[in-house]
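Working notes, beginning with the structure itself.
Numbering (this note's numbering), first residue to last: -14 to 685.
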């Protein structure tokens, strides 16, 4: 029994005997514990990651939206050469942006952006772990979020994929969602794709989005033309584009440029000497301006584009619009109008409008006021309704010629009275307060006599005249209560652009050509959206429209015929051999001065007056708008070959029989060549008894 007890005691002592220390065994056990702890940590991290994903990541936007995203781009409006930028349309809630390809972006600009924004861009998976830890420590020390450790990919995700409300939040939850998305985006897209999209998307201040808009805004250059100093200055702006805006804080922007260059030295992109040389480069910013040429025309084009495509496309789709405007003639028209108005200011004439049309309807010049920056100067008088005076008479006679009258038709210019339904008497007077007896239509129109024009309106019928006016381009006779015989003398308002189009219709043999301001539209990818193509417009003057139009052209270009009232060498009489059909007009109380006319090459319409409709001091069409019209016509045809008007076929020329000497009126007894259509015969004018709606007396 004792032996047994002794044996058990010995065994117990052998088991309790301490083992000798083994370093290898200790390391093994420590490693095993470390592995267990790591596994536990990884399991906890995985569990935490899964919880965070299901908590914050299940409703993440689709990363594929990056590839489908189309940045807004501003519409650019160009002159007819397709190169001269007239204006860039900036949306009310947007800025400027022009997307350029990754290959067009200079390598130095890319390197500078990466160095200052995300040095590990090409290595990290869209998230910079070290940057996040550094930001967490900085935020902990400051007690608030002062650093976000955003990579370029995270900034792109925030800009494109997050909605505006979430984008503006300062929270750890938002940063977590950004990181999740950035990781997914980095797996789906190449680094060059991400960087190129970022550089086209990021905000650089001063309403400039993307590197091309920034280059144009600050330096007036394409991004590929920037100098190294300009590139590195721009690269630093996205950190705080409003504060670092070079226009208001050039010193701050230069300080950020120094930081960018130092970062490029650390990354090995530049040597210290190269960085110092770039920083020493003189930075010259462009002077901020409205950057608009031919402003009234530009906004006329903008309104047309908005009606066609809507504001969303106009302000965000990056349209490239080539217009019809000829900047040389636009500038000449502005210069001539301004000079003549300066001469007329002592006679209380303060403003002018000018339209120049090519025969095919292209708007070559549109002067909406002589000073766009003056009070009310933004108002476009070429689109305003004004009384045209006698400038409307050719279209009254056009309607009469359609119905059988000829230039030889005799109309009595004698005291006449019309009484309307209310018993109000209308007794128009001529500009010279005289009566000229029996007048041939040619002489009545050439000398702008009022009573024959009213009788022609009576013969035509008001409804027929309004219909014809609409066909030739006049769109403002839309109030039947104001229509009456006095329309013959310009009592109803027209627009200068419309009236110029109507005269261009006469120049084109009665074929209407709508005004053309837009020649071509392409999208931001250069794909054609629309292109204007010239075609012969509809005939507006009936079956014998070309003959009717030529008869009016013949009268309006007959210098000899108009000399009785206007004298020799009047403003409408261009140098010998220069054929021009012209008509002036003056509204009541000298409120509107007009000059309209055309040659084989161009149609010019001019208005002079005051935008507030105050009277001028006896400024008529002949000594007001006519001066601008003449100057432009002489300039346009300087050195050009003379091109007379040629009659169309089916038109004969014969000398009209003289009016008997017993008939009063020296002018009536004159003998002139007149043209008549073979298919038409003269008819007698109607009785001077009819109704009129409102009185008006037109001046020549």
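All residues carry an ideal CB built from backbone N, CA and C; glycine is no exception.
Computed from a predicted structure; not experimentally measured.
- CA nearest to the CA of residue 586, picked from 604, 566, 572, 598: Selected option, being the one with the closest Cα: 566.
- Query: Can you name, in chain order, every residue of its own chain whose Cβ lies under 8 Å from the Cβ of residue 627, other than the five neighbours on each side?
  - Reply: So the list reads 562, 563, 564, once near-sequence residues are dropped.
- Message: Comparing C-alpha positions only, which one of 264, 323, 591 sits nearest to residue 362?
- Response: Nearest of 264, 323, 591 to residue 362, Cα basis: 323.
- Item | Cα-Cα separation, residue 493 to residue 344 | Distance from the CA of residue 493 to the CA of residue 344, rounded to the nearest whole angstrom, comes to 7 Å.
- Item | Start and end residues, alpha helix (DSSP H) containing residue 206 | Segment: none, residue 206 is in no alpha helix (DSSP H) and carries neither H nor E.
- Item | Same chain, Cβ closer than 6 Å to residue 659, neighbours up to 5 away in sequence not counted | Confidence at residue 659 is low in this model, with a pLDDT of 44, below 50, so the placement of that residue is unreliable and no value is reported for it.
- Query: Which partner residues does residue 74 have in the DSSP bridge list?
  - Reply: Residue 74 is bridged by DSSP to 60.
- Taking the Cβ atom as the reference point for each residue, do residue 374 and residue 590 lie within a distance shorter than 8 Å? Taking C-beta atoms as the reference points, residue 374 and residue 590 fail to come closer than 8 Å.
- Quick one: grab the DSSP three-state call for residue 342. In the structure shown, the three-state DSSP call for residue 342 is strand.
- Item | Secondary structure, beta strand (DSSP E): runs of 3+ residues fully inside the stretch 524 to 595 | Counting only runs of 3 or more, we get 566 to 571, 577 to 583, 588 to 594.
- Message: Here's a check: name, in chain order, each residue in its chain whose Cβ is nearer than 7 Å to the Cβ of residue 534, leaving out the five neighbours to either side.
- Response: The beta carbon of residue 534 lies closer than 7 Å to those of 491, 494, 495, 526 in the same chain, with the five residues before and after it left out.
- Item | Runs of alpha helix (DSSP H) wholly within the stretch 290 to 325 (minimum 4 residues, chain order) | The qualifying runs do not exist here; there are none.
- Task: Measure the C-alpha to C-alpha separation of residue 509 and residue 251 and round it to an integer number of angstroms.
- Result: Cα-Cα distance, rounded: 38 Å.
- Can we say the stretch 447 to 462 touches the stretch 418 to 434, given the rule of at least three CB pairs closer than 8 Å? Too few Cβ pairs lie closer than 8 Å, so no.
- Message: Buried or exposed for residue 304, going by 16 or more other Cβ atoms inside 10 Å?
- Response: In this structure residue 304 is buried. Its beta-carbon is surrounded by 16 or more other beta-carbon atoms within 10 angstroms.
- Message: Between the alpha carbons of residue 84 and residue 455, how many angstroms are there, rounded?
- Response: Rounded to whole angstroms, the separation of the alpha carbons of residue 455 and residue 84 is 44 Å.
- Message: Which of the three DSSP states is assigned to residue 513 in this structure?
- Response: Note: residue 513 maps to strand in three-state DSSP.
- Message: Taking the beta carbon of residue 172 as the centre, do at least 16 other beta carbons fall within 10 Å, making it buried, or is it exposed?
- Response: By the neighbour-count criterion, in which a residue is buried when 16 or more other Cβ atoms sit within 10 angstroms of its Cβ, residue 172 is exposed.
- Under 8 Å by Cβ, that's how I've got residue 98 and residue 220 pegged, so tell me the actual separation to the nearest angstrom. So it is a contact: roughly 5 Å between Cβ atoms.
- Around the Cβ of residue 107, are there at least 16 other Cβ atoms within 10 angstroms (buried) or fewer (exposed)? Of the residues assessed, residue 107 falls on the exposed side of the cut-off, its CB having fewer than 16 other CB atoms within 10 angstroms.
- Tell me whether residue 285 sits in a helix, a strand or coil according to DSSP, three-state version. Residue 285 falls in the helix class under three-state DSSP.
- Query: Does the Cβ of residue 518 have 16 or more other Cβ atoms within 10 Å, making it buried, or fewer, making it exposed?
  - Reply: That one is exposed.
- Message: So, with DSSP's three-state summary, where would you put residue 468?
- Response: Residue state for residue 468 is assigned as coil, using DSSP reduced to three classes.
- Query: Between residue 626 and chain D, is there a C-beta pair that is closer than 8 Å?
  - Reply: Protein chains in the displayed structure number just one, and chain D is not present.
- Close Cβ partners of residue 607 (< 7 Å) along its chain, the five nearest in sequence each way excluded: Once the five neighbours on either side are set aside, the close Cβ partners of residue 607 are 551, 555, 556, 569, 685.
- Could you tell me if residue 332 is buried or exposed, where buried requires 16 or more neighbouring beta carbons within 10 angstroms of its beta carbon? Residue 332 sits exposed, since fewer than 16 C-beta atoms from the chains shown fall within 10 Å of its C-beta.
- Query: What first and last residue would you give for the alpha helix (DSSP H) that runs through residue 614?
  - Reply: For residue 614, the enclosing alpha helix (DSSP H) covers residues 610 to 621.
- Query: Where residue 452 and residue 189 are concerned, what is the direct C-alpha to C-alpha distance, given to the nearest angstrom?
  - Reply: Inter-residue distance for residue 452 and residue 189 is about 56 Å (C-alpha atoms, whole angstroms).
- Could you spell out the range, first to last residue, of the beta strand (DSSP E) harbouring residue 350? Run containing residue 350: 348 to 352, per the beta strand (DSSP E) assignment.
- C-alpha distance - residue 183 paired with residue 140, whole-angstrom precision: For residue 183 and residue 140, the distance between alpha carbons rounds to 8 Å.
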